[in-house]
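First comes the structure, then the notes that go with it.
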Amino acid sequence: MKNDSAAMPSGSSAPRVRFAPSPTGYLHVGGARTALFNWLFARHAGGVMILRIEDTDAERNKPELVEGILDGLRWLGIDWDEGPFYQSQRLELYAQAAQKCLENGSAFLCYCPAERYVGGDHAEEGQETGNVRRISRCSCRDGNPSVPGTKPAVRFKVPLGGTTRFQDAVFGEREFANEDIEDFLLMRSSRGEETHGLPSYQLGAVVDDIDMRITHVIRGADHISNTPKQALLYRALGAELPLFAHLPLILGADRTRLSKRHGATSVTSYRDEGFLPEAFRNFLALLGWSAGGDQEFLRTSELLEKFTLAGVSRTNGVFDRPKLEWFNTQYLQKLPIEDLLPAVENELKRSKLWKEEWAAPAGHEWFSKTVDLLRPRIRLLPDFSSWSRAFFSDEFEYEQAARDKFWKKEPRLPQFIAQIADAMAALPDWNHDACEHALRAIAEAAGVKAGVLINATRVAIVGQAVAPPLFETFLALGRERVVRRLRAAIPAVEESCKA
Numbered sequence: 000m001k002n003d004s005a006a007m008p009s010g011s012s013a014p015r016v017r018f019a020p021s022p023t024g025y026l027h028v029g030g031a032r033t034a035l036f037n038w039l040f041a042r043h044a045g046g047v048m049i050l051r052i053e054d055t056d057a058e059r060n061k062p063e064l065v066e067g068i069l070d071g072l073r074w075l076g077i078d079w080d081e082g083p084f085y086q087s088q089r090l091e092l093y094a095q096a097a098q099k100c101l102e103n104g105s106a107f108l109c110y111c112p113a114e115r116y117v118g119g120d121h122a123e124e125g126q127e128t129g130n131v132r133r134i135s136r137c138s139c140r141d142g143n144p145s146v147p148g149t150k151p152a153v154r155f156k157v158p159l160g161g162t163t164r165f166q167d168a169v170f171g172e173r174e175f176a177n178e179d180i181e182d183f184l185l186m187r188s189s190r191g192e193e194t195h196g197l198p199s200y201q202l203g204a205v206v207d208d209i210d211m212r213i214t215h216v217i218r219g220a221d222h223i224s225n226t227p228k229q230a231l232l233y234r235a236l237g238a239e240l241p242l243f244a245h246l247p248l249i250l251g252a253d254r255t256r257l258s259k260r261h262g263a264t265s266v267t268s269y270r271d272e273g274f275l276p277e278a279f280r281n282f283l284a285l286l287g288w289s290a291g292g293d294q295e296f297l298r299t300s301e302l303l304e305k306f307t308l309a310g311v312s313r314t315n316g317v318f319d320r321p322k323l324e325w326f327n328t329q330y331l332q333k334l335p336i337e338d339l340l341p342a343v344e345n346e347l348k349r350s351k352l353w354k355e356e357w358a359a360p361a362g363h364e365w366f367s368k369t370v371d372l373l374r375p376r377i378r379l380l381p382d383f384s385s386w387s388r389a390f391f392s393d394e395f396e397y398e399q400a401a402r403d404k405f406w407k408k409e410p411r412l413p414q415f416i417a418q419i420a421d422a423m424a425a426l427p428d429w430n431h432d433a434c435e436h437a438l439r440a441i442a443e444a445a446g447v448k449a450g451v452l453i454n455a456t457r458v459a460i461v462g463q464a465v466a467p468p469l470f471e472t473f474l475a476l477g478r479e480r481v482v483r484r485l486r487a488a489i490p491a492v493e494e495s496c497k498a
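Taking numbering that gives the first Met the number 0, the leading residue of the sequence shown gets 0, the next gets one more, and so forth.
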């Protein structure tokens with residue numbers, strides 16, 4: 000049975016979790032899901048969320064990517080209570096831990112070339128090398144250097160025989176034969192004048208988790224192979240194991256590991272496309288977790304209330320782009336309008352369409368009503384500044400397909416558009432029914448279907464074939480803009496009728 004608190008260190012009360020990205024790339028979907036689950040767990044349980052940057056791999060790290068990772072977390076609304084801590088600033092801790100292991104006999108100085116251990120030193124970083132690991136014990140572990148005179152690395156002396164066990168909140172108790180675990184790297188060999196080398200992933204992660212009093216290690220299932228090594232290291236350092244919780248993998252629609260070939264995997268690319276962060280959180284949360292039942296639309300407050308490790312599935316999640324888009328449209332349509340307006344405001348500012356007058360009380364009321372009118376037809380936030388541009392700016396173009404479809408069928412359209420403009424300007428009351436009655440009266444007098452004039456008028460005032468209902472659009476734009484746009488469109492309508 001899954002248990003959120005099993006194996007929690009004695010004396011611990013509130014849980015302490017961490018998200019520990021490495022700045023070797025952007026914040027990808029899998030990393031974001033891991034951060035989200037840690038955050039939801041900590042916030043649900045009244046615990047502590049720690050951010051740690053694992054930046055000791057000098058060859059692969061790109062320091063400029065750190066801010067991109069932090070930016071992605073902020074967009075997702077994932078905050079942290081402690082950190083960010085940088086492993087590159089904590090090297091002395093790792094050297095001390097390695098020395099302790101040497102002194103208590105759980106580690107040894109290894110003079111072998113890194114290539115002896117399949118995949119080299121980076122195989123210790125939890126990376127898939129595609130190689131079959133050869134498990135062998137070198138003579139160095141018995142005090143007989145294989146290549147005397149070279150600068151040694153420090154490796155863990157895995158017990159001969161027996162098994163290593165640990166408790167997993169998702170997959171239950173796990174057991175690994177020690178004969179299948181190589182003598183893994185703790186410290187790389189020093190270079191130049193360095194007194195010691197850099198720590199391996201295994202050593203850095205365990206030392207930091209002990210020092211930061213981490214109670215639950217929540218991470219992807221691709222780390223399961225690292226966990227028996229880390230369990231051995233915890234015990235060698237005299238520390239209690241945290242409760243591990245390995246999250247199911249995220250697959251593409253073809254059921255293979257999610258990668259760039261499936262489309263964007265960077266979280267910030269979805270931000271730039273115009274997804275709402277809360278919709279993305281809801282979608283991510285359901286990739287390998289369920290609150291029980293069929294409910295899918297879960298606002299963040301509900302996720303925080305319901306999230307437990309008991310709800311994490313052992314079955315891999317599938318990143319379904321159409322499903323993500325469905326979530327986004329659901330949030331666009333269902334959010335309280337005041338919750339949606341800041342996101343629309345940011346989009347209009349990005350596209351330089353925002354007017355400060357809309358922040359004032361009168362302008363805010365118009366802005367709120369207009370966004371509410373538009374949102375049933377919006378898929379992504381940039382639709383507000385592209386498809387809906389004519390509602391926020393007088394600078395827009397007539398869509399060619401709309402001109403061809405609705406301005407060419409009736410040669411008398413220019414005069415009808417002029418009549419509609421005059422009729423709207425003369426209305427004593429500016430409301431839905433009055434506008435509709437005036438337009439239909441013109442159609443009836445001319446012996447044409449009202450739909451012909453409605454469609455032609457829509458293109459004239461917003462430039463699009465598809466838009467909210469015409470007379471609601473009239474009210475959103477206001478009499479002055481509607482009349483001005485109708486009159487300004489007449490030359491273009493004449494041109495289309497002659498074509």
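For each residue, glycine too, the CB sits at the ideal point set by N, CA and C.
Values in this document were obtained by computation on a predicted structure and should not be read as measured data.
- A distance below 6 Å between beta-carbons, with the five flanking residues on each side excluded, links Leu26 to the following residues of its chain, in chain order: Ile68, Gly71, Val266.
- In the three-state scheme derived from DSSP, where H, G and I count as helix and E and B as strand, Pro490 is classed as helix.
- As the crow flies, the alpha-carbon of Ser12 is around 11 Å from that of Arg212.
- Taking 8 Å as the cut-off, the beta carbon of Ala464 is found closer than this to the beta carbon of Ala401.
- DSSP lists Ala176 as the beta-bridge partner residues of Thr162.
- Straight-line spacing of the CA atoms in Ser145 and Ala106 works out to 16 Å.
- Per DSSP, Tyr85 is one residue of the beta strand (DSSP E) stretching across 81-85.
- In the DSSP assignment, Leu452 falls within the unbroken alpha helix (DSSP H) covering 449-461.
- For the pair of segments examined, the stretch 422-433 was found not to touch the stretch 448-461: the number of CB pairs separated by less than 8 Å stays below three.
- Cβ atoms of Pro83 and Leu50 come within 8 Å of each other, at about 4 Å.
- If you look at Ala442, you'll find it in the alpha helix (DSSP H) that goes 431-445.
- Taking a cut-off of 8 Å on C-beta distances, the stretch 30-37 touches the stretch 205-220, as three or more cross pairs fall below it.
- Around the CB of Gly237, fewer than 16 other CB atoms lie within 10 Å, so the residue is classed as exposed.
- If you look at Ala31, you'll find it in the alpha helix (DSSP H) that goes 28-44.
- For the stretch 182-230, the continuous beta strand (DSSP E) assignments of 3+ residues that do not extend past its boundaries occur at 184-186, 215-219, in sequence order.
- Cβ-Cβ separation between Pro241 and Leu373: approximately 49 Å, too far for a contact (criterion under 8 Å).
- Per DSSP, Cys100 is one residue of the alpha helix (DSSP H) stretching across 90-102.
- In the assembly as shown, Leu159 is an exposed residue. Its beta-carbon has fewer than 16 other beta-carbons within 10 Å.
- The criterion of a C-beta distance shorter than 8 Å is satisfied by Gln86 and Thr55.
- Contact annotation: Ala278 and Tyr330 have beta-carbon atoms nearer than 8 Å.
- For Phe296, there is no enclosing alpha helix (DSSP H), as DSSP marks it with neither H nor E.
- If you draw a 10 Å sphere on the C-beta of Ala204, you find 16 or more other C-beta atoms in it, and that means buried.
- Residue pairing by DSSP places Ser265 opposite His27 in a beta bridge.
- Taking all protein chains in view, the Cβ of Asp78 is surrounded by fewer than 16 other Cβ atoms within 10 Å, so the residue is classified as exposed.
- Around the CB of His245, 16 or more other CB atoms lie within 10 Å, so the residue is classed as buried.
- Counting other Cβ atoms within 10 Å of its Cβ, Ala488 reaches 16 or more and is therefore classed as buried.
- Shortest Cα-Cα distance from Ala422 to any of Arg439, Gly273, Leu248, Ser188 involves Arg439.
- Counting only the Cα atoms, Leu283 lies some 33 Å from Thr163.
- Distance from the CA of Lys497 to the CA of Glu409, rounded to the nearest whole angstrom, comes to 10 Å.
- Rounded to whole angstroms, the Cβ separation of Leu352 and Ser392 is 5 Å, and the two are in contact under 8 Å.
- Judged by their CB atoms, Tyr93 and Leu231 are not nearer to each other than the 8 Å cut-off.
- Between the alpha carbons of Trp74 and Ala31 lies a gap of roughly 11 Å.
- Relative to the Cα of Gly291, the nearest Cα in the group Arg298, Leu485, Ala309, Tyr110 belongs to Ala309.
- For Phe470, the enclosing alpha helix (DSSP H) covers residues 469-476.
- Cβ neighbours of Ile377 within its own chain (closer than 6 Å, five residues either side excluded): Leu331.
- Excluding sequence positions up to five before and after Trp406, its CB lies within less than 7 Å of the CB of Leu412, Ala455, Val458, Val492, Ser495, Cys496, all in the same chain and listed in chain order.
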